[in-house]
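A short worksheet on the structure shown next.
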Amino acid sequence: MERDSTSFPPSFDADVIFVSSDRMRYGLHSKNLELSTGGFPPVQAGGLSAAEPVHLEEASGVLDLLFAFVYPLRLPKIEEMSFERVLPLAEAAEKYQVYPAMYACRMCLRFRKSEISSTLTQLKSRCSLQNMTTKSY
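Here it is in structure tokens:
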């Protein structure tokens with residue numbers, strides 16, 4: 000059963016509806032998406048519509064954070080979040096090109112370089128992933 004987000008409820012003036020992988024519905028405004036992102040097609044071009052909800056792969060915990068970066072709101076304090084919570088946000092920000100979130104995640108991960116390095120070292124030893132690096136952060 001789908002439920003509505005309390006932070007970004009699908010209201011009468013939201014012209015784009017997104018649904019998370021755990022069935023949370025979000026109502027957003029195409030103008031904000033157009034100004035803050037590069038990964039969503041414009042509504043005017045026929046890419047998005049409130050009539051047809053767009054199902055996303057990400058869970059509501061990630062989208063709650065991500066969509067906050069689309070609006071002129073006080074931004075989430077991702078620097079206080081665990082690496083395990085920031086990483087999916089960073090991936091979604093890059094995937095949908097949410098520019099303010101991309102920058103915030105990049106800065107947050109840059110300051111956590113030692114934590115990232117130790118996590119990658121553990122992954123390498125467990126999974127034999129020899130090509131993983133932290134150079135992009």
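Residue numbers (numbering that gives the first Met the number 0): 0 to 136. Ideal Cβ placement from N, Cα and C applies to all residues, glycine included.
Note down the Cα distance separating residue i from residue j, rounded to an integer number of angstroms.
i, j, result
"Cys104", "Thr36", "15 Å"
"Met0", "Ser20", "12 Å"
"Glu114", "Leu32", "32 Å"
"Ile77", "Cys107", "7 Å"
"Arg22", "Asp3", "9 Å"
"Ala58", "Ser10", "21 Å"
"Asp63", "Tyr70", "12 Å"
Tell me which residues share the same chain as residue i and place their Cβ nearer than 6 Å to its Cβ, disregarding the 5 neighbours each side in the sequence.
i, result
"Phe17", "Tyr25, Val53, Leu55"
"Pro87", "Val61"
Beta-carbon within less than 8 Å of residue i's beta-carbon, same chain only, minus the 5 sequence neighbours each way: which residues are those?
i, result
"Leu74", "Ala67, Phe68, Pro99, Ala103"
"Thr5", "none"
Assuming residue i and residue j form a contact by the criterion Cβ under 8 Å, report the distance between their Cβ atoms to the nearest whole angstrom.
i, j, result
"Val97", "Leu72", "That pair is no contact at about 13 Å."
"Ser29", "Asp12", "Between Asp12 and Ser29 the Cβ distance is about 11 Å, and since that is not below 8 Å, they are no contact."
Using DSSP bridges, identify the partner residues of residue i.
i, result
"His54", "Val18"
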